[in-house]
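Numbering (UniProt numbering), first residue to last: 1 to 168.
Okay, here's the thing in structure tokens:
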């Protein structure tokens, strides 16, 4: 048996079998410095916090716990797509937290068989724990399926505890 020929054919078959497969999903771009001690992103099942994906996200300031929570609902496309935290950035000069949630294809091994042509929504929650206090301003942006540019759907300046959001 020609081992070299066997190894070459196995390498070719493996390469051909994985050609076109997507790599691991992109990781979020996080730039928060020392101001943020922890953050989380969850895809929520069950009843959405919002009724309409066109509605701006809800931003909740929990001042006593130095925590900001962003709840949202956006179009994700078919079941082969999922929402994900695209970027999280805190600007200390402007005392502003920037949160961007987008849509990506699920990894190949999570898709199952077939991707029906449908338009569904994704319910999400982003939690950000600050070291000392919540920022004065939060800018929440979404990049729904098919969106090349993130659209800023919520900018809020805090005037006290609780939720805030002003569409822009």
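All residues carry an ideal CB built from backbone N, CA and C; glycine is no exception.
State the DSSP-derived secondary structure class of residue 50, mapped to helix, strand or coil. Residue 50 falls in the coil class under three-state DSSP.
Contact belief for residue 35 with residue 134 at Cβ below 8 Å, rounded distance in angstroms: Contact between residue 35 and residue 134 fails: their C-beta atoms lie close to 10 Å from each other, not under 8 Å.
Can you check DSSP and say which residues form a bridge with residue 130? In the DSSP secondary-structure assignment, residue 130 is bridged to 36.
At least 3 beta-carbon pairs within less than 8 Å: the segment 106-113 vs the segment 54-68: In short, these stretches do not touch, since the Cβ pair count stays below three.
Ends of the beta strand (DSSP E) at residue 137? For residue 137, the enclosing beta strand (DSSP E) starts and ends at 137-143.
Could you compute how far the alpha carbon of residue 60 sits from the alpha carbon of residue 126? Roughly 10 Å separates the two Cα atoms.
Between the C-alpha atoms of residue 102 and residue 83, what's the straight-line distance to the nearest angstrom? The alpha-carbon atoms of residue 102 and residue 83 are separated by roughly 6 Å.
Assigned exposure category for residue 131 - 16 Cβ within 10 Å defines buried: In summary, residue 131 is exposed, with fewer than 16 beta-carbon neighbours lying within 10 Å of its beta-carbon over all protein chains present.
Helix, strand or coil for residue 119? Go by DSSP, reduced to three states. DSSP places residue 119 in the coil class of the three-state scheme, outside both helix and strand.
Only counting the same chain, and skipping five residues up and downstream in sequence, which positions put a Cβ closer than 8 Å to that of residue 29? Around residue 29: 86, 87, 88, 89.
Name the DSSP beta bridge partners of residue 111, please? When beta bridges are read from the DSSP output, residue 111 appears opposite no residue.
Within 10 Å of its beta-carbon, does residue 32 have 16 or more other beta-carbons around it, so buried, or fewer, so exposed? With 16 or more other Cβ atoms within 10 Å, it is buried.
Do residue 144 and residue 74 have their C-beta atoms within less than 9 Å of each other? Judged by beta-carbon spacing, residue 74 lies within the 9 Å limit of residue 144, meaning their Cβ atoms are closer than that value.
Can you give me the C-alpha to C-alpha distance between residue 121 and residue 141, rounded to a whole angstrom? Cα to Cα, the separation comes out at about 16 Å.
On the three-state DSSP scale, how would you describe residue 146? Three-state result, residue 146: coil.
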